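Participant: Chains as they are written, first to last, in this note's numbering: chain A, 4 to 284; chain B, 46 to 212; chain C, 41 to 838.
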Amino acid sequence: MKPSRFQYVRPRSISEAVVALQRHNSKVLAGGQSLTPLLSMRLAAPEVLVDINGLTELSGIELRGPDLWIGAIARHQEVLTHHLVKTHVPMIAQALAYVAHPVIRNRGTSVGSIAHADPAGELTAVAALLEARIHVSDHQGTREILAADFFVGPLESSLQHGELVTGVSFPVLDNTWGSSCQEVARRHGDYALAGVCALVQVLDHQMVSAKIAIFSVGGTPLVIDVMGVHGDPEQLNLKVQAQIEPDTDIHATADYRRQLVKTLVVRALTEARVHAESRRP
Amino acid sequence: MNPEELFLVELTVNGTPLSARVPSRRILSDFLRHDLRLTGTHVGCEHGVCGACTILLEGKPVRGCLIFAVSVTGSAVTTVEGLVNNDGSLGIVQRAFHESHGLQCGFCTPGFITTIHAFLKENPHPTEEEAREAIAGNLCRCTGYQNIIKSVMRAAELIDSGVRDDH
Amino acid sequence: MILGCAMTTKSFGEPILRKEDPRLVSGQGRYLDDLGHDALAAAFLRSPHASARILDIDVADALDVPGLIGIYTYEDLEGRVAEPLPLLIPHPALLNGRTGYPLANEYVRHVGEAIVMVIAEDRYVAEDVVDLIKVSYEILKPVVGIENAKAAHNAVHSSVPNNVSAHSVKEVGDARAMIKSAPHKLSLDLFIERSACSPLEGKGVYAIWEEDSQELRLWSSTQTSTGVRAAVAAKLDLPLQKVECIAPDVGGGFGVKIMHPWPEEVLIPWAARKLNRPVKWSEDRREHFISSAHERAQEHHIEVGFDEEGRILGLDVTFFHDNGAYTPYGIIIPLITSTQLLGPYKPASYRVEFTSLFTNTVLVIPYRGAGRPQGVFAMERTVDAIAKYLKLDRTVVRERNFIQPHEMPYDLGLIFQDGRPLEYDSGDFPASMAMLKKMVGWDDFETMRGEYAAQGRKIGIGVACYVEGTGVGPYEGGFVQVETSGRINVATGLTSQGQGHQTVFAQIVADELGVPIDDVFVTTGDTRRFPYAVGTFASRAAVMSGNAIALAARQVRDKALRLAGEALECDPQDLEIVDGIIRVKGDHAKSIALKTVAVLSNPLRYAFDESAKAATQFAVGDTSKPPVPEDQEPGLEGKDYYSPMASTFANGMHAVIIEILPETAEVKILRYVVVHDCGRVINPMIVEGQIHGGVAQGVAGALFERMAYDESGQLQNASFMDFLMPYATEIPTVEAGHLETPSPLNPLGIKGAGEAGVIPGSAVFASAIEDAEGFEIRRMPISPSELWELRRTMKENA
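1. According to DSSP, is residue 42 of chain C helix, strand or coil?
2. Kindly say whether residue 78 of chain A, judged by its beta-carbon, lies nearer than 8 angstroms to any beta-carbon of chain C.
3. With 16 as the cutoff for other CB atoms within 10 Å, does residue 131 of chain B come out buried or exposed?
4. Counting only the same chain and skipping the five closest in sequence on each side, list residues whose C-beta sits under 6 angstroms from that of residue 718 of chain C.
5. At what residues does the beta strand (DSSP E) containing residue 281 of chain C begin and finish?
6. Nearest-angstrom Cα distance between residue 680 of chain C and residue 280 of chain C?
7. Considering residue 917 of chain C, what are the terminal residues of the alpha helix (DSSP H) in which it resides?
8. Does the stretch 175-195 of chain C come within contact of the stretch 237-252 of chain C, defined as at least 3 CB pairs closer than 8 angstroms?
9. Within 8 angstroms of any Cβ in chain B, is that where the Cβ of residue 20 of chain A sits?
10. From this set, A/30, A/268, A/125 and A/62, which residue's C-alpha is nearest residue 163 of chain A's C-alpha?
11. Output the residue ranges of the alpha helix (DSSP H) runs that lie fully inside the stretch 293-345 of chain C and measure 4 residues or longer, sorted by chain position.
12. Verify the CB distance criterion: does residue 105 of chain B have a CB-CB separation below 8 angstroms to chain A?
13. Leaving out the 5 sequence neighbours to the left and right, which residues in its chain are closer than 8 angstroms to residue 95 of chain B when beta-carbon positions are compared?
14. Which residues of the stretch 450-481 of chain C have a Cβ closer than 8 angstroms to any Cβ of chain B? Give them in chain order.
15. Runs of 4 residues minimum, wholly inside the stretch 527-576 of chain C: which ones carry the alpha helix (DSSP H) assignment?
16. Should residue 374 of chain C be labelled buried (16 or more other beta-carbon atoms within 10 Å of its own) or exposed?
17. In chain C, which residues lie less than 9 angstroms from residue 7 of chain A when you measure between Cβ atoms?
18. Of the choices B/204, B/164 and B/149, whose alpha-carbon is the least far from that of residue 62 of chain C?
19. Can you find the residues in the same chain that come closer than 7 angstroms, C-beta to C-beta, to residue 605 of chain C, ignoring five residues on each side of it along the sequence?
20. Output, in chain order, the set of chain C residues within a Cβ distance shorter than 7 angstroms of residue 198 of chain B.
21. Under 8 angstroms by Cβ, that's how I've got residue 110 of chain C and residue 315 of chain C pegged, so tell me the actual separation to the nearest angstrom.
22. In terms of alpha-carbon separation, which member of A/143, A/121, A/153 and A/145 lies closest to residue 135 of chain A?
23. Which residues in the same chain have their Cβ closer than 7 angstroms to the Cβ of residue 812 of chain C, if we skip the five residues on either side of it in sequence?
24. Just the Cα atoms here: how many angstroms apart are residue 184 of chain C and residue 753 of chain C?
25. Would you say residue 104 of chain C faces chain B, with C-beta separation under 8 angstroms as the test?
26. With a CB to CB cut of under 6 angstroms and the five nearest residues on each side skipped, what residues in its chain are close to residue 211 of chain B?
27. How many whole angstroms separate the CB atoms of residue 99 of chain A and residue 197 of chain A, which I take to be in contact at a CB cut-off of 8 angstroms?
28. Does residue 47 of chain C come out as helix, strand or coil in the three-state DSSP assignment?
29. Relative to chain B, which residues along the stretch 511-539 of chain C have a C-beta separation below 9 angstroms, given in chain order?
30. Indicate whether residue 29 of chain C and residue 366 of chain C have their beta-carbon atoms separated by less than 8 angstroms.
31. Between the C-alpha atoms of residue 283 of chain C and residue 119 of chain C, what's the straight-line distance to the nearest angstrom?
32. In the DSSP assignment, what are the bridge partners of residue 700 of chain C?
33. Exposed or buried, which one is residue 203 of chain C when buried takes at least 16 other CB atoms within 10 Å?
34. Is residue 100 of chain C helix, strand or coil when you go by DSSP?
35. Would you call residue 839 of chain C buried or exposed, if buried means 16 or more other Cβ atoms sit within 10 Å of its Cβ?
36. Assuming contact is defined by CB atoms lying nearer than 8 angstroms, are residue 747 of chain C and residue 236 of chain C in contact in what I supplied?
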């Protein structure tokens, strides 16, 4: 399984990169962990591959104002273990623990994962739930896309031709917030059959905010505010089930996925609450 | 149709500068195996799942089948061949595999050895559960993994007893 | 009776570390794709349709790709290469055997069937060319799955309208009558799905044609280099002597590489000769899924009659076997299922009827276990059902049906896959069961169940038994040679895929000859070194080649002692060999090195090195006799063969304790226990390794792996992403206990062990899941989703 021919460009700056992306049928190569198998299987055959691994200005993980900014070529494993992530947006680290295996994480990029818009991607759910902002550049300038507007369909984002995702910003979560990611997969590191991330805020031992994002069920991550029903398992489940439309495939039936979501929502909310309590000084 | 454009790829492999001119689509595992004739790294699936192609890039384990050689020109790569000691004796992880019957057909083994070598640098005193988790990204069809986990623990034991690699 | 050798065993039975390891762990293995860097590469255009007629192949756009060497279709094939591939194992019941062509001849019958071969400078280019070739098809309605094959609305082969390749009925006693009159009866319908060997290394072929000498040398990642050699020589119309085949290091086989000749094994050498250039093909993972082989799909209907003790009076099995699009390997699998289904039991009567069916899917040839897993699943589910019905302990019902040790040898009244009577030579099933129950704590399980239940957790225990015919003939051979340097060369024709042959066969020779194991070097699978062989499959290598090599080594020993006796002027009976030195027992000073005897064994005119001087004509020789006596040959070597009267039967019993998570129906394995009897064990470390690997495949086949074909014959999971081969986190630690009932059938008293671990996998998990859930499990593999759905169905029906 060898890739088709492509022209290879290795820009030394963002402006070079976006010029290269202007070309017809071009694709960005960052971590390559999702893209390379597609190329090897010839399920994708871009004419131009724009390798952004040389754009060192995009390798950082930093606080920028009220946000944690992750650059386009920061590797999953760096993000997972970074003290800023663990301190300010721990949900990212919680999600990353489920992403494939450490060896994949050593090369794959978190921003790349988000840009890929994989409905089974843990980080797409985190980005949606945390209302992340996706930073985009093209030859005319820069813009930001809100996560809710970014994920359009399975493996489909609202990126236009010629645009490069340079980084993603996540609002920092202070220690009144707790989170958890839960999923069920067939094998260690596999894509989830269903997954739920939960984000809660606890003030004076009272839950004041509760939201979940469901992934691997449907074409995009589904964010649901469950504040009104989080204390009532039956109501909670009813609300959630009404919004999801799982599919049947060779690994699981739609109804089984519904069962998983039901179980994981409770688990994620419970663990998120525990996490919030543990973060209190 | 025109001949393919070739790029000079220069790597330091197991401490030695090596290079070849290859098309941009040349996968790193193919580059190592066929252009540099280092066939110790194996290819089992070409889609990143089996781990037989795992090599160390700047000391970190990565899938050789998911990287284009041209993308990592200038880097340092370690393959299973490079984990043999300078005097020709087996490196610690290699020796542990031998002593623990951690391989049968040997095809998946190089990918495990590089992965475990890197893992033990981060966690030299793993529990059995941690050892199992550490190898849970590599497929083996022959051993049922039991003796591979034993190999990890044996390697840790050797390190504890003062054995050191020299390569 | 075991013909032993009278001396202390030093390495037989010892966990000697493997000689093959240092090379393999340091990246110095030489697998197929490691060879032939300068060879041309091949890629194939393979059918995207399950059933179609090829209308046109248009290569116009592909011709100007730089690096293209040639494009070949069926029209280009010549002579025998254009004929169907051989039907390897004919059988009277195989009424409608069909094989394919190396490149499709007008019709394609499964997704993945090769249509066009492209030869190019490298694989990347070859795949570019494949992409540019346009094939037009008339798409036909495919037959997918046993039900559709049976219904025969469509035919896989137009000459076989009912899709039946084979049909067979065998009876011992009158099972139907016995069932009719039995006090109790049950009926079961069982199903096992298709899976696959999936070695980490796919197939591969590398061929060099020597134009000057008109000779072909080919390497193949095969389990039978002699088989490939013969088949390729026949296809290319070459004298056998002009073809050599070598199996290099092979990255796993598990059965898929016993099949031969694969289309590529014919086409690559053919291309090499045609182009007069070396050609190499390495199969990629997708190719392996869609154009190698699968196994396991069978549907069983069972009627059983039994008494109040649970003793089986009549067992009537009717099953359907999915053999895929072609039958090159005959009907070995359903034959094995039909005979090995009986396991360690002696039903008073038995009837087995099978129908083997064509489907438009990848062909079916043995996968470790080779039909036994299906048979064991059928038998063990039946025994469990009897126990449940009578409210008896599952192990008690088994014990009541066991063939007893004093009844050995036991003739089951059937013909086995080697064409010989199915007769168990040895085995102590009650002892195996007793050991298993003790190891797993069978009698205390209910207490354990209660403890878990108190915590709201659900667990179950399963048990499954099997008997495995191993060491099947016709024969294997061994060659042992002592060089003048002291190096011992050993060769056998069968092959290796990780079984440690270079070690275990060296252990045998080290003991037989009394030499250090480090001096012994074993070559397997090279027709240049040993040209008469069958292959590695059916857990036969240790039994067959092990015994042959032992016999060959004994020839060498006898000759060495005779020559040493002459040199030392004493009776050979007074001599022993220890660490490569032949010496008088009790008078060690009187000695001669084995390597010196090797020198003396070959009377020379020319001394090629210092030690050889001792054998030259002016240095040695009794002038009253010819230098080489009439009944002797020069050199210190021996060659012998082992050809068994019958297979020797190993047995095993497995138990598993599982926990099922209530909300998600995920199955966690708490304990996995194996009791195993493979007779005398050459290297216990290697046998245990084989068991671990087999169990892993059993777990995989029970809980994770299946081939998911859709109705149009597309394989939906042709990659490791969706074919769920388990990682270390999915496989349990195996606790293994051993029994040794030596085989009375061969000199070393050994039985095979290679397939043992996998055989009862689906049976033991079905048994445990049923025990945990309380409802019947009749279909495997089972995923959490399927288990959850089944639970729901059972609840609704209740």
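No residue lacks a Cβ here, since even glycine has one placed at the ideal position from N, Cα and C. Remember, it's a predicted structure, so these values are computed and weren't measured experimentally.
Facilitator: In short, the structure shows the following:
1. Caution is warranted here: a pLDDT of 31 is assigned to residue 42 of chain C, below 50, making its placement in the model unreliable, and the coordinate value is therefore given only provisionally. Three-state DSSP puts residue 42 of chain C in coil, outside helix and strand.
2. Output row for residue 78 of chain A: interface = no.
3. Classification of residue 131 of chain B: exposed, given that the 10 Å Cβ count is below 16.
4. 690, 791 and 793
5. Unbroken run through residue 281 of chain C: none, as it is neither H nor E.
6. Approximately 22 angstroms between the Cα atoms of the pair.
7. There is simply no residue 917 of chain C to check, as chain C begins at 41 and stops at 838 in what is shown.
8. no
9. Output row for residue 20 of chain A: interface = no.
10. A/30
11. 303-315 and 325-331
12. yes
13. 89, 153, 156, 183 and 184
14. none
15. 541-553
16. buried
17. Those within 9 angstroms of residue 7 of chain A in chain C are 164, 167, 168 and 171.
18. B/149
19. Taking C-beta separations shorter than 7 angstroms and ignoring five residues to either side along the sequence, the partners of residue 605 of chain C in its chain run 611, 612 and 615, following chain order.
20. Under the 7 angstroms cutoff, chain C gives no residues; its nearest Cβ is about 12 angstroms from residue 198 of chain B.
21. 7 angstroms
22. A/153
23. 498, 499, 500, 698 and 700
24. In this model, residue 184 of chain C and residue 753 of chain C are separated by some 6 angstroms (Cα to Cα).
25. The beta-carbon of residue 104 of chain C is placed less than 8 angstroms from the nearest beta-carbon of chain B.
26. 130 and 131
27. Not confirmed; about 18 angstroms, so no contact.
28. Note that residue 47 of chain C scores a pLDDT of 43, beneath 50, so its modelled location is shaky; the value from the coordinates is reported in the next line. Coil, per DSSP.
29. Look at the stretch 511-539 of chain C: the residues with a C-beta under 9 angstroms from a C-beta of chain B are 536, 537, 538 and 539.
30. Since the first and last residues shown for chain C are 41 and 838, residue 29 of chain C lies out of range.
31. 17 angstroms
32. C/498 and C/707
33. buried
34. helix
35. Because chain C here runs from 41 to 838, residue 839 of chain C falls outside it and cannot be looked at.
36. yes
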